[in-house]
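To convert, take the position in the sequence shown, counting from 1, and add 202; that gives the numbering used here. Glycine included, every Cβ here is placed at the ideal spot set by N, Cα and C.
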Amino acid sequence: MQLRLSFAAFVLVLSGGALADEVQVAVAANFTAPMKVITAAFEQETGHKVSAAYGSTGKFYAQITNGAPFEVLLSGDDTTPTKLVKEGAAVAGTQFTYAIGTLVLWSAKPGFVDDQGQVLATGNFKKLAIANPKVAPYGAAAREVLTGLGLLAKVEPKFVTGENIAQTFQFVSTGNAELGFVALSQVMKDGKIAHGSAWVVPGKLHQPIRQDAVILNKGKCNPGVIALMEYLKGDMARAVIKSFGYGF
């Protein structure tokens, strides 16, 4: 009997291993923190593994169109997934909005940024960090805000441009720039700004930062990909996403 039970357990382990798949995911840099939390829970609950790369959406687009082995894209915008579907590089009907991002003007220094963002108009700073608007949706939103406020020409000479929103955050957190436009998710913890000072930019000042997910052609036959996409729509993932300051 003991032998039979052991053999059954062995078969169960083998079959469980056979059902587990690895998912190659390209993730917009602003979504790094919530994705790490979601990934840990997803792997524990499903047995699938996630291999995630974090970076700018524009660079991921270039890599995907040049044959990079990604199976899922969690974009920082909604236009890139749409473009990939139209170009035949992503699976039609799989695109959905997993989060709506919030832009924030942030400084690592307490009291440096007021809650109305008037520091931009005063110009009492040497460097303003911004993600490259050509490849980073949050950078494009920041530029749109400055243009709408009539401040772009005044502050543009002070720009320190990050390759993506992660590098932009690093510029501010290390003091290489006194302040910068980053994602709220990067500075929020337990529902509030973790440290420093910030102005949460009203959404009416820029186009919504809709962040869409889509299955890429290389992942259409991977069960782990389907499982991850469904997981992102579930209550647990949505709770995590909301806790980092995103909307839906």
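- Here the region 367 to 383 makes no contact with the region 425 to 443; the two share fewer than three CB pairs at distances below 8 Å.
- Under a 10 Å Cβ-count criterion, Q320 is classified as exposed, with fewer than 16 other Cβ atoms of the shown protein chains found around its own Cβ.
- Contact annotation: G382 and L322 have beta-carbon atoms that are not nearer than 8 Å.
- Around the beta carbon of N334, 16 or more other beta carbons lie within 10 angstroms, which makes this residue buried.
- A Cβ-Cβ contact shorter than 8 Å links P283 with A292.
- Using a Cβ-Cβ distance cut-off of 8 Å, the region 386 to 401 and the region 253 to 271 are not in contact, since fewer than three pairs of beta carbons, one from each stretch, lie closer than that value.
- Per DSSP, the unbroken beta strand (DSSP E) holding G303 starts and ends at F298 to G303.
- Between V315 and H408, the gap from beta carbon to beta carbon reaches 8 Å or more.
- When the beta-carbon positions are compared, A344 and L305 come within less than 8 Å of each other.
- Collapsing the DSSP output to three states places K422 in coil.
- In the structure shown, Q413 adopts extended strand secondary structure according to DSSP, grouped into three states.
- The shortest CA-to-CA distance from E289 to any of S309, A301, L307 and N268 is the one to N268.
- With respect to the C-alpha of G421, the residue from I266, G249, G447 and V362 having the closest C-alpha is I266.
- Distance from the CA of N419 to the CA of V227, rounded to the nearest whole angstrom, comes to 12 Å.
- Judged by their CB atoms, P339 and I411 are nearer to each other than the 8 Å cut-off.
- Cβ neighbours of K356 within its own chain (closer than 7 Å, five residues either side excluded): G325.
- Straight through space, the alpha carbons of T296 and D280 are spaced by roughly 13 Å.
- Cβ contact annotation for G278 (same chain, cutoff 8 Å, sequence separation greater than five): A230, A231, N232, F233, S258, T259, G303, A338, P339, Y340, I367, I411 and Q413, in chain order.
- Separation of K311 and A441 (C-alpha to C-alpha, rounded to the nearest whole angstrom) is 29 Å.
- L351 is bridged by DSSP to nothing; it lacks a bridge partner.
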